[in-house]
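What follows is one structure encoded as structure tokens, with my remarks underneath.
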Amino acid sequence: MRKQLFVFGGTVMAVLTAVPAVAAPLPPPPLVSLNVSGAPYTLTEKANPYQTPPTAEYTPVGINGTLSGTDRTAMLGSGDPECAARADALPQPAVPTSSAYCWDTVMQGKQGAENAHLMPWVPQGLATSGEAQLSGIPVTGDNRAAIVSWTWQNTKQDPVTDPENPPPPKKDYRHNSVKLAFVNLDDMKYRFVLPVWVDEAGVQRRIYGHGGGLAWYGPYLFMSSTSNWEGQPGPDAGKAGVRVFDTRKIYRKKDGGGGDYQYVLPEVRHYVSGGASFDYVSLDRNSAGGASLVGGNYRSSADSRGYAGTEVYRYRFGDDYRLNRTPVQGWKSTVPQNVGDAISDVQGVQANGDTLYFNMSKGSVANRRFSTAGVGGAASNWTLKSRKDWSYRPQDLSLWYATNELWSLTEGEEDRVLYSVKLDALK
Numbered sequence: 000m001r002k003q004l005f006v007f008g009g010t011v012m013a014v015l016t017a018v019p020a021v022a023a024p025l026p027p028p029p030l031v032s033l034n035v036s037g038a039p040y041t042l043t044e045k046a047n048p049y050q051t052p053p054t055a056e057y058t059p060v061g062i063n064g065t066l067s068g069t070d071r072t073a074m075l076g077s078g079d080p081e082c083a084a085r086a087d088a089l090p091q092p093a094v095p096t097s098s099a100y101c102w103d104t105v106m107q108g109k110q111g112a113e114n115a116h117l118m119p120w121v122p123q124g125l126a127t128s129g130e131a132q133l134s135g136i137p138v139t140g141d142n143r144a145a146i147v148s149w150t151w152q153n154t155k156q157d158p159v160t161d162p163e164n165p166p167p168p169k170k171d172y173r174h175n176s177v178k179l180a181f182v183n184l185d186d187m188k189y190r191f192v193l194p195v196w197v198d199e200a201g202v203q204r205r206i207y208g209h210g211g212g213l214a215w216y217g218p219y220l221f222m223s224s225t226s227n228w229e230g231q232p233g234p235d236a237g238k239a240g241v242r243v244f245d246t247r248k249i250y251r252k253k254d255g256g257g258g259d260y261q262y263v264l265p266e267v268r269h270y271v272s273g274g275a276s277f278d279y280v281s282l283d284r285n286s287a288g289g290a291s292l293v294g295g296n297y298r299s300s301a302d303s304r305g306y307a308g309t310e311v312y313r314y315r316f317g318d319d320y321r322l323n324r325t326p327v328q329g330w331k332s333t334v335p336q337n338v339g340d341a342i343s344d345v346q347g348v349q350a351n352g353d354t355l356y357f358n359m360s361k362g363s364v365a366n367r368r369f370s371t372a373g374v375g376g377a378a379s380n381w382t383l384k385s386r387k388d389w390s391y392r393p394q395d396l397s398l399w400y401a402t403n404e405l406w407s408l409t410e411g412e413e414d415r416v417l418y419s420v421k422l423d424a425l426k
């Protein structure tokens, strides 16, 4: 209320009048538009001049040779008791899975930080032939397929002060090697292929980084590139961006040896950003203006900025599956009124036109977070639906367009599953 003074016949009278209430400012929505016109988001394309391993040692096998052969490893289907026992890693019953595959016992790893060194490889990125081709069959291939990136989780040990009780090894993120599991979804078998770069002497060298995201468009595989090289050589080693491989150009060592180098996939080109991070990527075939690549950064809810600071950006494709240098759209997370709606700790994003799907770990609901954001039209009309009944420790995402299935995978030791859900089940 506000008091006003009036004079009537020499008498001063006080009258109370109502004052319109000033509304408290509304909290920002969990996701807002991001200005992506600056230099940090501009890409520079660089070709790799050497793309072929020594012909005396290697023979080309392509995607078909990679997805066939008796020397592959079998996965377990959802009907297998060992795989069925890992159902707790999957989305809860309210979100039924349409398919599920479990990795073999060796690649499942063993729970407990003290056991990290026993199986240092951890699944991260995912791409499917259902995004690469609308038919679901890879270019020059015959079988439905998935590609999963695995990162080598190095370990380190704190200084030993008590030789009788040394501290357990810890995870070390300073440098990570990457390898790719090519999965034949028709016969449920896979083999590992090593992504490499070829130097001027024809020597093949490992690609380092986290490999946190994959996208597959036509014959080309796009992998997010991070800084985890720790001094290892390579083209633009340690710089953020995207590395590109041609799945038609996979090679096998003729003598059947070579360890990790038995099957190799040479890098053909890469993109370096002006500073923006690429911790995950995905292909969107339904974006306005044509197909696009969506990438973004990982921002932990435990750092000083809390739930704010996750950035996602969209780049259109031009001719010959090449990315345009500048993004056309971007989004950024804020600190929402309800922390359950926070977009943070993002492990993977799949865009489908004006819809963004987020896989997230940690946060207010540990390791089972998934959100669907509608970002079409004016920002005031954007929507966000968050759920807490998702898979345990989820990672990357891939959309199988012909069947409207969203594919994902989990990374937790002894709970590693590759699965899909129908988009209709998320409504």
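Using numbering that gives the first Met the number 0, count along the sequence shown one by one with no gaps and you end on 426. Positions of the beta carbon are idealized from the N, C-alpha and C atoms, including for glycine. From a predicted model like this one, the values you see are computed outputs, not experimental measurements.
Closest by C-alpha distance to Glu199, when choosing among Trp399, Asn175, Tyr49 and Ser370 | Residue 199 sits at position 200 when you count from the first residue of the sequence shown. The option with the nearest alpha carbon to Glu199 is Tyr49.
Can you list, in chain order, the residues of its chain whose CB lies under 7 Å from that of Gly76, leaving out five sequence neighbours each side?
-> Counting from 1 along the sequence shown, the entry for residue 76 is found at position 77. The answer, listed in chain order, is Cys82, Tyr100 and Met187.
Does the separation of the CB atoms of Arg204 and Pro232 fall below 8 Å?
-> Looking up residue 204 in the sequence shown gives position 205. Looking up residue 232 in the sequence shown gives position 233. Cβ distance < 8 Å, so Arg204 and Pro232 count as in contact.
Would you mind sorting Ala401 into buried or exposed? The rule is 16 or more other CB atoms within 10 Å of its CB.
-> In the sequence shown, counting from the first residue as 1, residue 401 sits at position 402. That one is exposed.
Tell me where the beta strand (DSSP E) around Gly373 begins and ends.
-> By 1-based counting over the sequence shown, the position of residue 373 is 374. Here the beta strand (DSSP E) through Gly373 covers Arg368 to Gly373.
How about the segment 245-259 and the segment 314-321: do they share at least three Cβ pairs that are nearer than 8 Å?
-> no
Pro29: which of Leu322, Val338, Gly375 and Ser281 sits nearest, CA to CA?
-> If you number the sequence shown from 1, residue 29 lands on position 30. Selected option, being the one with the closest Cα: Val338.
Answer yes if the segment 62-77 comes into contact with the segment 175-187, meaning at least three C-beta pairs across the two stretches below 8 Å, and no otherwise.
-> yes
The alpha helix (DSSP H) spanning Thr104 covers which residue range?
-> Working through the sequence shown from its first residue, we reach residue 104 at position 105. Its alpha helix (DSSP H) spans residues Thr104 to Gln107.
Do you know offhand how far Val121's Cα is from Ala84's?
-> By one-based count along the sequence shown, residue 121 stands at place 122. By one-based count along the sequence shown, residue 84 stands at place 85. Between Val121 and Ala84, the C-alpha separation is close to 20 Å.
Could you give the distance in angstroms between the alpha-carbon of Ala372 and the alpha-carbon of Tyr356?
-> Locating residue 372 in the sequence shown gives position 373, counting from the first residue. Locating residue 356 in the sequence shown gives position 357, counting from the first residue. Looking at the two C-alpha atoms, the distance is approximately 7 Å.
Can you check whether the CB of Ser385 is closer than 8 Å to the CB of Pro39?
-> Counting from one through the sequence shown, the residue named residue 39 turns up at place 40. Counting from one through the sequence shown, the residue named residue 385 turns up at place 386. Contact flag unset, no.
Could you tell me the distance, in whole angstroms, from the CA atom of Gly258 to the CA atom of Gln346?
-> Working through the sequence shown from its first residue, we reach residue 258 at position 259. Working through the sequence shown from its first residue, we reach residue 346 at position 347. Cα to Cα, Gly258 sits roughly 30 Å from Gln346.
Pair within 8 Å by beta-carbon distance, Tyr391 and Asn366 = Translated into the one-based positions of the sequence shown, residue 391 becomes position 392. Translated into the one-based positions of the sequence shown, residue 366 becomes position 367. The answer is yes: Cβ separation under 8 Å.
Going by the beta-carbon positions, is the gap between Trp228 and Tyr207 smaller than 8 Å?
-> Working through the sequence shown from its first residue, we reach residue 228 at position 229. Working through the sequence shown from its first residue, we reach residue 207 at position 208. Their beta carbons are under 8 Å apart, which means Trp228 touches Tyr207 by this criterion.
Name the DSSP beta bridge partners of Arg251, please?
-> Start at 1 with the first residue of the sequence shown, and residue 251 comes out as number 252. BP columns for Arg251 point to Thr58 and Tyr262.
Take Gly308 and list the residues in its own chain whose beta-carbon comes closer than 6 Å to its own, dropping the five residues that flank it on each side.
-> Within the sequence shown, the letter at position 309 stands for residue 308. Arg298, listed in sequence order.
Indicate whether Val263 and Pro53 have their beta-carbon atoms separated by less than 8 Å.
-> Mapped onto the sequence shown, residue 263 falls at position 264. Mapped onto the sequence shown, residue 53 falls at position 54. The answer is no: Cβ separation not under 8 Å.
Cutoff 6 Å; reference Pro265; Cβ partners in own chain excluding five residues on either side = As a position in the sequence shown, residue 265 is number 266, starting the count at 1. Around Pro265: Gln50, Val195 and Val197.
Quick one: what does DSSP say Glu404 is sitting in, helix, strand or coil?
-> Here residue 404 is taken as the residue at index 405 of the sequence shown, counted from 1. The answer is strand: DSSP assigns Glu404 an E or B state.
Which residues mark the beginning and the end of the beta strand (DSSP E) in which Ser148 is found?
-> On the sequence shown, residue 148 is found 149 positions in, with the first residue counted as 1. Ala144 to Trp151 is the span of the beta strand (DSSP E), which, as asked, contains Ser148.
Identify which residue in Ala131, Val293, Trp389 and Ala112 has its Cα closest to the Cα of Ala145.
-> Walking along the sequence shown from the start, residue 145 turns up at place 146. If we check each option's Cα against that of Ala145, Ala131 comes out closest.
Which listed residue (Asp278, Asp245, Leu282 and Gly274) has its alpha carbon closest to that of Ala126 = Within the sequence shown, the letter at position 127 stands for residue 126. Considering only alpha carbons, the answer is Leu282.
Nearest-angstrom Cα separation, counted from Ser224 out to Leu292 | In the sequence shown, counting from the first residue as 1, residue 292 sits at position 293. In the sequence shown, counting from the first residue as 1, residue 224 sits at position 225. Approximately 14 Å between the Cα atoms of the pair.
The beta strand (DSSP E) enclosing Pro80, as first and last residue numbers | Position 81 of the sequence shown, counting from 1, holds the residue named residue 80. Segment Pro80 to Ala83 is the alpha helix (DSSP H) holding Pro80; no beta strand (DSSP E) there.
Cβ-based neighbour list, Asn296, same chain, cut-off 6 Å, excluding 5 preceding and 5 following | Counting from 1 along the sequence shown, the entry for residue 296 is found at position 297. Excluding sequence neighbours, Asn296 sits near Ser276, Asp278 and Glu310.
Inter-residue Cα distance where the pair is Asn351 and Gly129 = Locating residue 351 in the sequence shown gives position 352, where the first residue counts as 1. Locating residue 129 in the sequence shown gives position 130, where the first residue counts as 1. Cα-Cα distance, rounded: 14 Å.
Could you tell me if Gln110 is buried or exposed, where buried requires 16 or more neighbouring beta carbons within 10 angstroms of its beta carbon?
-> Taking the first residue of the sequence shown as position 1, residue 110 is located at position 111. Exposed: under 16 other Cβ atoms inside 10 Å.
If you measure from the beta carbon of Met74 to each beta carbon in chain D, is any gap under 8 Å?
-> Given the protein chain composition of this structure (a single chain), no chain D is represented.
Under 8 Å between C-beta atoms of Val243 and Tyr219 | Residue mapping note: residue 243 aligns to position 244 of the sequence shown, counting from 1. Residue mapping note: residue 219 aligns to position 220 of the sequence shown, counting from 1. Taking 8 Å as the Cβ cut-off, Val243 and Tyr219 qualify as a contacting pair.
List the residues that DSSP assigns as beta-bridge partners of Thr409.
-> Residue mapping note: residue 409 aligns to position 410 of the sequence shown, counting from 1. Looking at the DSSP assignment, Thr409 forms a beta bridge with Pro393.
For the alpha helix (DSSP H) holding Glu130, just list the boundary residues, first then last.
-> In the sequence shown, counting from the first residue as 1, residue 130 sits at position 131. Ser128 to Ala131 is the extent of the alpha helix (DSSP H) around Glu130.
Taking the Cβ atom as the reference point for each residue, do Glu441 and Gly108 lie within a distance shorter than 8 Å?
-> Residue 441 is absent from the structure shown; the chain starts at 0 and stops at 426.
DSSP state of Glu44 mapped onto helix, strand, coil | On the sequence shown, residue 44 is found 45 positions in, with the first residue counted as 1. Strand.
Have a look at Ser226 and Gly212 and give me their C-alpha separation to the nearest angstrom.
-> If you number the sequence shown from 1, residue 226 lands on position 227. If you number the sequence shown from 1, residue 212 lands on position 213. Rounded to the nearest angstrom, the two C-alpha atoms are 14 Å apart.
DSSP on Ser223, reduced to helix/strand/coil?
-> Here residue 223 corresponds to residue number 224 of the sequence shown, with the count starting at 1. Strand at Ser223.
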